[in-house]
Structures are given as structure tokens and as C-alpha cells.
Amino acid sequence: MTDPSTHLETLFDKLWRNHVVHEREDGHTLLYIDRHYLGDDLPRDTFDLLARKQLRVRQPEATVAMADHYASTHGSTLADIVDDDRRSLVQKLIHFTSDQGVPMFALDDPRHGIVHVTGPEQGLSLPGMTIVCGDSHTATHGAFGAFAFGIGSSEVSHVLATQTLWQKRPATMRVQVDGTLADGVTAKDLILWLISRIGVAGAVGHVIEYAGSAIVALSMEGRMTLCNMSIEAGARAGLIAPDDKTFEYLRGRPFAPAGALWDNQIEVWKGLRSDPGARFDRAFVFDVTEVAPMVSWGTSPEETSAIDARVPNPADIDDPQRADRLQRALDYMDLAAGTRLLGLAIDRVFIGSCTNGRLEDLRLAAQVAYGRYTTVPAIVVPGSRAVKLAAEAEGLDRIFMDAGFEWREPGCSMCLAINGDEGLSGERCASTTNRNFVGRQGRGVRTHLMNPGMAAAAAIEGCIVDYRELLHDASVHTN
Amino acid sequence: MQAFTRIEAVAVPMRDADIDTDQVLPARFMHKPRENYGQYCFHDLRIDASTTRERPGFVLNQPEFREASVIVAGPNFGCGSSREQAVHTLKDFGFRALLSTGFGDIFFNNCVKNGVLPVRLPAQFIARLFDALEHAPGAHVAVDLYAQSVSAPDGSTASFAIDPFQKDALLQGTDEIDFTLGLAREIDLYEARHGLTRR
């Protein structure tokens, strides 16, 4: 007798099935790629490969480029890039895309930004798509019900030449998140909390589908923040089934379908959900009622605790290897076991990135900054120029500048510190980014991951505080 | 791509879990041309920031491990950033095979595309390798892709699984783009079925 559940499909199963070009007997599958974002931080020979093989980009219109990693936040021209070496990489991207007819949003284009911010806001990332980029945070676009994943540069060349990728089918993991997030607890806190439970290797080889009342309640921006950091749990991708909120977000976006095509698409997109009873390889259920604002204290994104916690003690860990690893993380972070996170002095603050560089994030930070003044250097880098312009239209730039924050041009900036923006060795940095790895924000810099309101509060107080005490209006939507 | 068949070489133990690609290749070296690119490998672990000299405590700076071509690593090696430059620097430093209980997904694929063999092995066998390599620094480990087996310094062996597609590609040094273009007709058909035109 056949098991009826085998005919039921998860959202991921549907996305996969819709993109199979060729399947080998060993299961390796050639998948069609609908959207390919090109960044500027690829190895120098990535684009030369096509020329050597005398190949053209197969689907230039499916490809969109922007120079986000090396973009200066001090200006919007090539001349602003920090040195000739890095300028030449951006020039290479410009030449390649222009030669191949690939659309590129130039540094001064109103649509320029971090690919994971710009793509969705331009309506380039749509439900049902396969989306790739030579960047691990491509998982962001899964918030729209797309199979979106990061790839290496060899795979970038392969997609350019063939519009396909060889993939082995990943396993599926359902993460059901029930309950209601408390006031002031954001999607960033939720994903840090989930990673601290699942672990940084917890979802390796899996595509996570997030579901449950706490996910449905998130805004699209919040869902993007959540999916963005799926890679920090090791996941291949993160997914959320599209719903009315998704469709409302996309309606009228420049590259989203319009007219009759839009109506047809909505009907198709409504089918992009896991069939009730469909089988996942693994499943978790969490209740998030008790989640508080989170702060990372170590050198791995799983080394994160609630704001009122203390730094753990390596002596409490039985496994000597893990205890040793923890001790070195604390040494790097210059933290003694048992130190309270509350009150920890901060030297620098960064607000931005593909994780937390969207309008909603800046609104939350501005709500804290309003009428106050920073005590440490703090920069705000919008995730895209569209975010920047929208924030300025609301006067957020004035709030930040009046409070002593620097208001910069969009880009990846201090998330990985390769555009000239970086901390100094020994500094402790409150950051809205996604990775607290050793040296991530500059050699010797100590990164504490947190939400944008928390980072703004750290800039004001000069130390880590519970930002909820500084919120002017706690009823403001902060998810 | 350079083919991989079999190597027998010095293996270096790196017990830490979750060694991310930022440690393998700090981001500030990503834009450097691929000339003498091995010099950036584990740079901030190998080289002291203030003296700019080698840090004697780091395992790769110990004389027994300088010729290592194999890394035996803690779990989840190569997590984090997708930067393929991390594999470039490992390869240019001289590494051809990496043994661990698991790897970051993107990093694993990047290795295969560059003729570097990532091998997933049971935790017990990895623990045995760590002990053997720390007991006898400079000992050799053999990795045979044909036979899908790894031999520890004490002669014990473990077999490993690898996707047949990736095994063939590594053994033959296949150019994947050329291989896929052999299926161009199927890509054409997919595009035709989905109303996708080409310029």
C-alpha cells in the first residue's frame, strides 16, 4: 500500500520540482535559475572565464548587478572607493555587465544598494523563483517563498554561462514558531534566539521553512531579517510561504508583474505553500513568548544570550575542547566569565547591513536616537539608496544627525569591513550585522550582534542597555 | 580543474569546531590578485598583528606541520561566508584534502570545484586522527578518492561516501561548464516550456 503522505509536497518540494532541467540517476539535478544577483566581491578571474571560453551570459535579463561590498559610504562615485585595487574590481563588474548586456545599478543610481535589500524592494525577487548570488546571505530572498541560496564564484560563472546549477537535493526542516513576540522584541532577536538553540551547524544540508503565528505576524522586512540569517544556522536556505502580506509588499514594485499578469501570478503564488501533512526531514516547534532582546557575546552567532544574561563560564563545560574554544572566544572578546551583558562599555556602533539596513530598522533606531546624543562614534548606513531616500523623506536622517550619528551612503560597509569602514583593534562594537566572527569588522575588533534599537541605545549610553527603557513609544510596530 | 586521485601527506590537526571562512581568508584579502595567494591562508591565526612575524603557538607554524597537505578539522569547517577565495588560498598554501565530520554547504561545493577534496568521516575516526597526529606530529594520512578510503597513521582505515557526480568530476578534473553545455538542448527545452526567450 502506498503512503498517501508521499504525494504531499512541502513548499520546497514544489520549488525544486518546478526548476528541474535534468535529473541524473545518482540524484544530482540540474536546476534552472530564475534570478542571479552579481556583486563586486568575487575573485578577479570570475568573469574572465566566460571570455576564455568565448561564452556569453545566457540570460542577461535574469541577471542584475550592483557593487555593494566595495561601495564607499562617503560618496556615490567610483572615485570615492577606498583604493585603486578595489576600484578596479568595481570597474571590472561595470565593464563585464555593459559588454554582456546585464543590467547594473550604478553606484549613483537611485536603485543602488546591497543586493539583498535592493532586489526585494525593486520587485526582482518573487515567490516561486530560484534565486542565487555569490553571497551567503542570499537566503534573505526566501522571505518571499523563493528558493534562494548563496553560491561560490565557480558556480557564479556556471550560472552566467548556462542559467543552471548542479544541485544535490537538500533535506527539509520545518521550524514552527508559535506565540507572540513581546513589545520591543524584533525579528533579529528571534533569529539570534533560534540560532542559539539550533546551533551554527544545526541546519547544515537543510532548507528551513519557517511557519507559525510568530512568523505570520512578522512584516516583510522582519521576514527578510529572519531568512537572511538562516545561513548562520548552517542552512542552505530559509523559506516562508507567501501570503497576503507578501503580495501587498510586492504590488506595484518596479519589476513585479502588473495588470492581468499580476492577477495570474497571485493565483499561482497562492499555491506556494506546504501541503498539510507534507513530510519534513526534521521539525522543531518553539514558543517565543519569553524571547527578549538578544546580544552576542562570543565569536560565533550561536554565542548569544538575552540582554539580562551573564557571559557563560568555560569551567561549566565538560567537553575540554568546547571549553577551550569558549575560553579563547572570551579572551578575544576580552570578557571574563560571569560578566553581565548589561552595562558592557561599547566603543563604536554600526547600524546597517543586509540583515538590518531596511527602513523599518532605521525607524526603530531613530525612535531611540530621537532627542538624545551619542557618546561613541556611530554610523548609520542604509541598506539601499531607496531606503536612504525614504528615510530622509521621513526626517530620520535629521534625527540621526542631530543625535550625533553619521548618516552615510548605502552599502555593506562595516558588516565585513572591506570598503574602508572598519573598527580599530581592541574596540568593542555594537552592530546590527549577522556575523561576530573573529576579525569580521577589522582585525582585533570585538563584535556584539543585536537589533537596531539596541545598537542605537548603545550609541547613546556608551554601553549595552535594554533599549526598551529608551523607547519613546512602546506601541510602535517593531517587528 | 585539477584532478584529485590519491594523496599521502602530512596532516595537520585543527580541533576547533566552526572554523569559518573569515578565519581561513580574512575579508581584506579577498580583492588581492591570485598571485602567491597562499600567503593569506589563516593569516590572522598564523601572523602576529603587532610583530608581523609568525605566531609560534599556531599549529601551522610548527615545523612538523609546515609541509601539511591535509587538514583534519573540527566539525562544521568552512562555515560562514561563501567566498571561494578561502578555497583558493587553502589550495595555494598546499592543501588538497580536508577531513571533518562536516563542512559548510557552500564551502564544500567550492572545494570540489577547485580540485580540493572535502571528506566527511565519522566523529570516532576524526577523534582517532586527532590523537594520532598530536601523538606523532608530522605523521602521514592517505586519502584515496578511487577507493573512497582514508588511512590513519596507525594503518586503520575508514571509508567515506561521496556523491558519484562529484567523485567523477574530481577524478577527471571535469570542466563543469563544458559538461553542462552538453545538455544545452535540455536547457533550451526548459526555457521553451516556460516561455523564456533568449536574445
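Protein sequence lines correspond, in order, to chains A and B. All residue numbers for the first sequence refer to this note's numbering, where the first residue is 20 and numbers rise by one. All residue numbers for the second sequence refer to this note's numbering, where the first residue is 1270 and numbers rise by one. Glycine residues also receive a C-beta, built at the ideal position from the N, C-alpha and C atoms.
Interface residues of chain B around residue i at Cβ under 7 Å?
i: A:S144; result: Those do not exist, as A:S144 stays about 17 Å from chain B at its closest Cβ, beyond 7 Å.
i: A:K72; result: I1446
i: A:S319; result: D1287
i: A:H47; result: D1432, F1434
Got a sec, what are the start and stop residues for the beta strand (DSSP E) residue i sits in?
i: B:S1418; result: 1418-1420
i: A:M85; result: 82-85
i: A:H225; result: 225-230
i: A:S369; result: Before going on, a small fix: residue 369 of chain A reads as Phe here, not Ser. Counting along the chain, the beta strand (DSSP E) containing A:F369 begins and ends at 367-371.
i: A:L50; result: 48-51
i: B:D1290; result: The identity of residue 1290 of chain B in the sequence shown is Thr, whereas the question assumes Asp. No beta strand (DSSP E) contains B:T1290, which is instead part of the alpha helix (DSSP H) from 1290-1293.
i: B:A1427; result: 1426-1428
i: B:L1329; result: Counting along the chain, B:L1329 falls outside any beta strand (DSSP E), and DSSP gives it neither H nor E.
Out of the options, which one is the CA nearest neighbour of residue i?
i: B:K1360; options: B:T1320, B:T1321, B:Y1309, B:A1430; result: B:Y1309
i: A:H160; options: A:P401, A:S444, A:G257; result: A:G257
i: A:T119; options: A:H135, A:A86, A:R75; result: The sequence shown places Gln at residue 119 of chain A, rather than the Thr named in the question. The option with the nearest alpha carbon to A:Q119 is A:R75.
i: A:M85; options: A:D337, A:E28, A:Q110; result: A:Q110
i: A:A436; options: B:A1286, B:D1291, B:M1283, B:F1273; result: B:D1291
i: B:R1335; options: B:M1299, B:P1325, B:N1305, B:A1342; result: B:P1325
i: B:G1347; options: B:H1404, B:M1283, B:E1323; result: B:M1283
i: B:F1434; options: B:T1443, B:V1328, B:V1281; result: B:T1443
i: A:N453; options: A:A422, A:T318, A:R417, A:P339; result: A:T318
i: A:G226; options: A:A233, A:G445, A:V194; result: Gly is not the amino acid found at residue 226 of chain A; the sequence shown has Val there. Taking only the C-alpha atoms, the option nearest A:V226 is A:V194.
i: A:T29; options: A:G147, A:A125, A:L490, A:L489; result: A:G147
i: A:G463; options: B:L1314, B:D1287, B:H1300, B:M1299; result: B:L1314
i: B:E1455; options: A:V196, A:G224, A:L383, A:T183; result: A:T183
i: A:F305; options: A:R359, A:D197, A:M352; result: A:D197
i: A:A302; options: A:I113, A:D353, A:I217; result: A:I217
i: B:V1419; options: B:A1366, B:E1353, B:F1298, B:S1319; result: B:A1366
i: A:A167; options: A:R447, A:R255, A:A297, A:R359; result: A:R255
i: A:V39; options: B:V1381, B:E1403, B:T1358, B:E1460; result: B:E1460
i: B:D1423; options: B:G1307, B:G1407, B:H1300; result: B:G1407
i: A:I113; options: A:N375, A:L57, A:L360; result: A:L57
i: A:D64; options: A:E174, A:T323, A:V204; result: A:E174
What does residue i touch in chain B if you count any residue whose Cβ is under 8 Å from its own?
i: A:I4; result: In this structure chain A extends from 20 to 498, so residue 4 of chain A is not present and cannot be described.
i: A:I170; result: S1351, I1375, N1378
i: A:V457; result: D1291, Q1292, D1313
Name the DSSP beta bridge partners of residue i, please?
i: A:T149; result: A:F166
i: B:I1474; result: A question about residue 1474 of chain B goes unanswered here, because the residues of chain B that appear run from 1270 up to 1468.
i: A:M239; result: For A:M239, which the question treats as bridged, DSSP gives no partner whatsoever.
i: A:Y56; result: A:V83, A:C152
i: A:G132; result: A:S403
i: B:R1315; result: Beta-bridge pairing links B:R1315 to no other residue.
i: A:S319; result: Note: A:S319 sits in no beta bridge, so no partner.
i: B:M1283; result: B:A1342
i: A:M313; result: A:A325
i: A:F124; result: A:M85
i: A:T466; result: A:C448
Just the chain A side, please: which residues come within less than 7 Å of residue i by C-beta, in chain order?
i: B:L1439; result: Ordered by position in chain A, no residue passes the 7 Å Cβ test against B:L1439, which lies about 13 Å from the chain.
i: B:I1456; result: V40, T181, Q182, T183
i: B:A1318; result: S444, R462, G463
i: B:F1364; result: None at all; the shortest Cβ gap to chain A is about 17 Å.
i: B:N1345; result: V219, A220, V223, G253
i: B:G1371; result: A220, V223
Run down chain A in chain order and give the residues with a C-beta less than 9 Å from the C-beta of residue i.
i: B:H1409; result: Ordered by position in chain A, no residue passes the 9 Å Cβ test against B:H1409, which lies about 24 Å from the chain.
i: B:L1359; result: None at all; the shortest Cβ gap to chain A is about 13 Å.
i: B:D1285; result: Q340, D343, R344, R347
i: B:D1400; result: Those within 9 Å of B:D1400 in chain A number zero; the least Cβ separation is about 12 Å.
i: B:Y1415; result: Within 9 Å Cβ-Cβ: nothing; B:Y1415 doesn't reach chain A, min ~17 Å.
What are the start and end residues of the alpha helix (DSSP H) that includes residue i?
i: A:Q186; result: Here A:Q186 belongs to no alpha helix (DSSP H); instead the beta strand (DSSP E) covers 183-186.
i: B:F1448; result: 1445-1450
i: A:M352; result: 339-352
i: A:H41; result: Here A:H41 belongs to no alpha helix (DSSP H); instead the beta strand (DSSP E) covers 39-42.
i: A:M473; result: 471-480
i: A:S215; result: 206-217
i: A:Q119; result: 103-119
i: A:A190; result: It is not in any alpha helix (DSSP H) - A:A190 instead sits in the beta strand (DSSP E) that spans 190-197.
List, in order along the chain, the chain A residues whose C-beta lies closer than 8 Å to that of residue i?
i: B:E1445; result: S173, H177, W185
For residue i, which residues in chain B fall below 9 Å Cβ to Cβ?
i: A:G153; result: S1351, R1352, E1353
i: A:R377; result: Near A:R377 there are no residues of chain B at all, since even the closest Cβ is about 21 Å away, more than 9 Å.
i: A:H55; result: Simply none; closest approach about 13 Å.
i: A:R63; result: H1300, K1301, P1302, R1303
Where in the segment 254-309 of chain A do unbroken runs of the alpha helix (DSSP H), each at least 4 residues long, occur, reported from the N-terminal end onward?
Correct list: 263-269, 278-289.
Length-filtered (3 minimum) beta strand (DSSP E) runs lying within the segment 1332-1416 of chain B:
You should have 1339-1342, 1366-1369, 1386-1389, 1409-1413.
Report the residue ranges of all alpha helix (DSSP H) runs contained in full by the segment 387-460 of chain A; include only those spanning at least 4 residues, in chain order.
For the segment 387-460 of chain A, whole alpha helix (DSSP H) runs of length 4 or above, ordered along the chain, are 404-412, 415-421.
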